[in-house]
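Trainee: Numbering (the working numbering), first residue to last: 229 to 468.
#1: Taking DSSP's pairing of strands, which residues face residue 433 in a bridge?
#2: May I have the straight-line CA-CA distance separating residue 377 from residue 415, to the nearest angstrom?
#3: Give me the DSSP bridge partner(s) of residue 271.
#4: Go through its chain and collect everything with a Cβ distance to residue 437's Cβ below 7 Å, but skip five positions before and after it.
#5: Look up residue 242 in the DSSP assignment and say whether it is helix, strand or coil.
#6: Would residue 369 and residue 283 qualify as a contact pair, given that the criterion is a beta-carbon distance under 8 Å?
#7: Would you say residue 323 and residue 366 are within 8 Å of each other, going by their C-beta atoms?
#8: Residue 267 to residue 277, Cα distance in whole Å?
#9: Does the segment 384 to 391 come close enough to the segment 419 to 429 that 3 or more CB-CB pairs lie under 8 Å?
#10: Am I right that residue 274 and residue 326 are in contact with their C-beta atoms under 8 Å? What's the rounded C-beta distance?
#11: Taking only runs of the beta strand (DSSP E) that begin and end inside the segment 320 to 347, which ones reach a length of at least 3 residues, in chain order?
#12: Hey, how far is the Cα of residue 338 from the Cα of residue 265?
#13: With a 10 Å radius around its C-beta and 16 neighbouring C-beta atoms as the bar for buried, classify residue 259 as buried or exposed.
#14: Cα separation between residue 408 and residue 444?
#15: Grab me the residues of residue 315's own chain with a C-beta within less than 6 Å of its C-beta, minus the 5 sequence neighbours each way, in chain order.
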């Protein structure tokens, strides 16, 4: 059985602008329900633990069926096990990284604040990568990769091929002036090769044990790459 840890944001405000932020529930629901069907053992953690704030920003996707996201959220919310984990998330300080075969860092604008410059989270990710375990980051969840160092002290993103939310996507959403940085720029500044699809279209990439997805539309594509990583070729019934 694959033991997988989702890490989601605890931050519920869009900086000083007063807008709500938090987790994009669709970005958690889509891969979570796929992995539940595959028989994975799943946990949810966050920087503070406890109840997770939900980002109310409308789900914007292109070149995929938007109904898939609505259906996944409905199934997630109907699952007592999933909702219990979401409302009682594990505090990051209590995470036992050696228990997990991989982790998925999930997006939502809140992650731009409490995933970046989080030395404890960066250390967990660094150990996971150096141990050869899988690390995946979806959309704004890629903010957690910014401060991760390799064993030689260099930035772990240097020389990696990744994708992350683009300047165009943030500009269309009128978020550029409200967020602390644009992830497309950060990835490039840290020495990564940043690839991108058209705004809000799906793109997910695997670079050895690091898997990234550009945006919400990439959720199922990222999940498929994770299934491929663990050599899962067929789904089985979920106990949730």
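Backbone N, C-alpha and C fix where the C-beta goes; we use that ideal spot for every residue, glycine too.
Mentor: Once the coordinates are examined:
#1: 440
#2: 14 Å
#3: 233
#4: Within the same chain, Cβ atoms closer than 7 Å to the Cβ of residue 437 are found at 357, 360, 361, 362, 363, the five residues on either side in sequence being excluded.
#5: In the three-state reduction of the DSSP assignment, residue 242 falls in the coil class, being assigned neither a helical nor a strand state.
#6: no
#7: no
#8: 25 Å
#9: yes
#10: Contact doesn't hold; Cβ gap of about 20 Å is too wide.
#11: 330 to 333
#12: 28 Å
#13: buried
#14: 20 Å
#15: 279
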